[in-house]
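Note sheet for the following structure.
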Amino acid sequence: MEYIIDRIRECVDKNRKEYIGFLSEYIQKDSTNPALGENKAPFACHLWMQKKLEEYGIFDKVDFWKPGNDFSNVAAVSEGEGEPLLFAGHTDTVPVTELQKAEWREDAGPWSGAVKEGKIYGRGASDMKAGCAAPLMAMHVLHKLGVKPKRPLYFTYVMSEENGGREFGVDSIIERGYFAKECIVMEPSNNLAVVPAIQGEFYFTIEVQGLSYHIASRHHTLYPHGYHVKNVPGKNAIELAIELIGELQKLEKELGQYANHPLTEWGSTTINFSGIESKGIFSAGAEKCKITGSMLYNPSISQEEAFAYFKGAVNRAAERSFWLKEHPPVVTIPYLLSAKPPVNVEMEHPLCRQLAEAARAFGREPVYESCLSTSDANYLQDHGIAAITMGPGANEYGVHGVNEYVPVDVYLESIARYAYFLSKQ
Numbered sequence: 016m017e018y019i020i021d022r023i024r025e026c027v028d029k030n031r032k033e034y035i036g037f038l039s040e041y042i043q044k045d046s047t048n049p050a051l052g053e054n055k056a057p058f059a060c061h062l063w064m065q066k067k068l069e070e071y072g073i074f075d076k077v078d079f080w081k082p083g084n085d086f087s088n089v090a091a092v093s094e095g096e097g098e099p100l101l102f103a104g105h106t107d108t109v110p111v112t113e114l115q116k117a118e119w120r121e122d123a124g125p126w127s128g129a130v131k132e133g134k135i136y137g138r139g140a141s142d143m144k145a146g147c148a149a150p151l152m153a154m155h156v157l158h159k160l161g162v163k164p165k166r167p168l169y170f171t172y173v174m175s176e177e178n179g180g181r182e183f184g185v186d187s188i189i190e191r192g193y194f195a196k197e198c199i200v201m202e203p204s205n206n207l208a209v210v211p212a213i214q215g216e217f218y219f220t221i222e223v224q225g226l227s228y229h230i231a232s233r234h235h236t237l238y239p240h241g242y243h244v245k246n247v248p249g250k251n252a253i254e255l256a257i258e259l260i261g262e263l264q265k266l267e268k269e270l271g272q273y274a275n276h277p278l279t280e281w282g283s284t285t286i287n288f289s290g291i292e293s294k295g296i297f298s299a300g301a302e303k304c305k306i307t308g309s310m311l312y313n314p315s316i317s318q319e320e321a322f323a324y325f326k327g328a329v330n331r332a333a334e335r336s337f338w339l340k341e342h343p344p345v346v347t348i349p350y351l352l353s354a355k356p357p358v359n360v361e362m363e364h365p366l367c368r369q370l371a372e373a374a375r376a377f378g379r380e381p382v383y384e385s386c387l388s389t390s391d392a393n394y395l396q397d398h399g400i401a402a403i404t405m406g407p408g409a410n411e412y413g414v415h416g417v418n419e420y421v422p423v424d425v426y427l428e429s430i431a432r433y434a435y436f437l438s439k440q
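Right under this line is the structure:
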């Protein structure tokens, strides 16, 4: 074992200029998600990757395709025997806003790929071009050492993650034939922590029906003086919505206290209200109200349980209201994006053990964490794939913000760890 570790170290050190250069050039290719911002050449980055990987000559197949609109995907295949292993990454990045451009350091701009003070700068450096590049460079290491993994390997890269677009992303990868029962997602994991658990997520709307009334008649809605529920003078839809929000906030606190996962921060189940929209004229009580929001929930809670908890809270609030009993709120789940089931893989899963072994091989004690933000790992879980996340970078390195970077030493260590891991496959 020590022999292969030393050889990997030496090869990474000898070829560090090549590996840093690959990532730097990768960052220089603008890969802003076409659904989120302007990208004048949306296929250019993946076409560059296809050409680069073909030039390396270390893969049995390099596949480029366009699943729809301005989106493209790339897959590199190493053939073998037995059960395949999938590596899943996304090339697309969030846009760099005009304000961020103004605040970004001048000597290491958003698409510079500049190396400064031991860091590689640029949009996507941490999220997640370093993670995308690392296993490819690990295969380059093994090729240099004359080692070929025995099992089939699929290295896949999509351009439709940041907008939650599974149709042209993860779903397209599976439809193309790159399915495996096990997967490593190379998202930044606080500098190579092993992440077997990720929050679930869904977006929702709640539509509330009220009954409009003249503002001069509000006192009748408060003190109806014998009006029957079916003949009430008015009901303000916004006030009814506030009652529902209050019940959901109770649920949020209860789940935060009692539904927890050993790797997840206490109280990580949250319900976020992002919009409230009412319909009616300015001189009348609100006739309709629509609440929009999202729920992020602990990996110990299944998607079915999360839906049931949420709808149950809305129903409890409605049961306490004569009006809402007669005019029940309409809950829509999922809204806007497909619901993301939680990832909850056992820490004793073989992939977790093997990634932990790779950490120890290079003198690191493995760290296990959960992730509070969702990723394509959730959609892979939906396909019945055990998805473990591990990659270089961290959210604190300017991800989605200003001066995004990845430390050079973390990136190179990730290549070494992946190389050792792949040498055992």
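Residue 16 is where the sequence shown starts when you use the working numbering, and the numbers rise one by one after that. Ideal placement from N, C-alpha and C gives every residue a C-beta, glycine not left out.
Taking all protein chains shown into account, do 16 or more other C-beta atoms lie within 10 angstroms of the C-beta of residue 316, making it buried, or fewer, making it exposed? buried
Of all the options 23, 247, 56, which has the alpha carbon lying nearest to the alpha carbon of residue 152? 23
In whole angstroms, what is the alpha-carbon distance linking residue 244 and residue 351? In this predicted model, residue 244 has a pLDDT of only 49, less than 50, meaning its place in the structure is not dependable; the value taken from the coordinates is given anyway. Going from the Cα of residue 244 to the Cα of residue 351 covers about 35 Å.
Exposed unless 16 or more other CB atoms sit within 10 angstroms - verdict on residue 296: exposed
Report yes if the CB atom of residue 322 is closer than 8 Å to the CB atom of residue 286, and no otherwise. no
Among 218, 430, 134, nearest to residue 307 - alpha-carbon criterion: 218
Taking Cβ positions only, does residue 89 come closer than 8 Å to chain C? No chain C is present in this structure, which holds just one protein chain.
If you reduce the DSSP assignment to three classes, tell me which class residue 80 lands in. strand
Starting from residue 216, trace the alpha helix (DSSP H) both ways and give me its first and last residue. No alpha helix (DSSP H) contains residue 216, which is instead part of the beta strand (DSSP E) from 215-224.
Confirm, please, whether the CB-CB distance from residue 95 to residue 168 is below 8 Å. yes
Ranges of the beta strand (DSSP E) found wholly within the segment 28-109, counting only runs of at least 3: 76-83, 86-93, 100-105
What are the residues that DSSP puts in a beta bridge with residue 287? 309
Which class does residue 111 belong to by DSSP, given the choice of helix, strand or coil? coil
My parser needs the beta strand (DSSP E) runs of 3 or more residues fully inside the segment 328-377; what are they? 345-347
Would you report the Cα separation of residue 396 and residue 357, rounded to the nearest angstrom? 8 Å
Considering Cα atoms alone, identify which of 247, 99, 281 is closest to residue 198. 99
With DSSP run on the structure shown, which of helix, strand or coil describes residue 293? strand
Could you work out which residue in 110, 154, 116, 255 is closest to residue 102 when comparing CA atoms only? 154
Would you call the CB atoms of residue 214 and residue 283 closer than 8 Å? yes
Contacts around residue 418, its chain only, beta-carbon distance under 7 Å, and the 5 residues preceding and following it disregarded: 119, 120, 136
Judging by CA-CA distance, which residue of 174, 393, 158 is the nearest neighbour of residue 434? 158
In the DSSP output, which residue or residues are listed as bridge partners for residue 170? 91, 102
Between which two residues does the alpha helix (DSSP H) carrying residue 267 extend? 252-273
Would you list the one or two residues that DSSP bridges to residue 229? 299
DSSP state of residue 247 mapped onto helix, strand, coil: coil
Out of 416, 291, 171, which one is the CA nearest neighbour of residue 188? 171
For the alpha helix (DSSP H) that contains residue 394, what are its first and last residues? 391-397
DSSP bridge partner residues for residue 136 (one or two, in chain order): 420
Within its chain, find whatever has a CB closer than 6 Å to the CB of residue 86; leave out the 5 residues flanking it on each side and keep chain order. 174, 175, 183
How many Å lie between residue 390 and residue 58 at the Cα? 22 Å
Quick test of your reading: residue 126 and residue 250, contact by CB under 8 Å. State the CB separation rounded to the nearest angstrom. Their Cβ separation, rounded to whole angstroms, is 54 Å, which puts residue 126 and residue 250 out of contact at 8 Å.
What are the start and end residues of the alpha helix (DSSP H) that includes residue 280? No alpha helix (DSSP H) holds residue 280; DSSP gives it neither H nor E.
What does the Cβ neighbour count give for residue 412, buried or exposed, with the cut at 16 atoms within 10 Å? buried
Nearest to residue 132 by CA position, among 148, 340, 428, 424, is which residue? 424
If I'm right that residue 62 touches residue 37 with Cβ under 8 Å, what's the distance once you round it to whole angstroms? Actually they are not in contact, since the Cβ atoms of residue 62 and residue 37 sit about 15 Å apart, beyond 8 Å.
Please classify residue 211: does DSSP put it in a helix, a strand, or coil? strand
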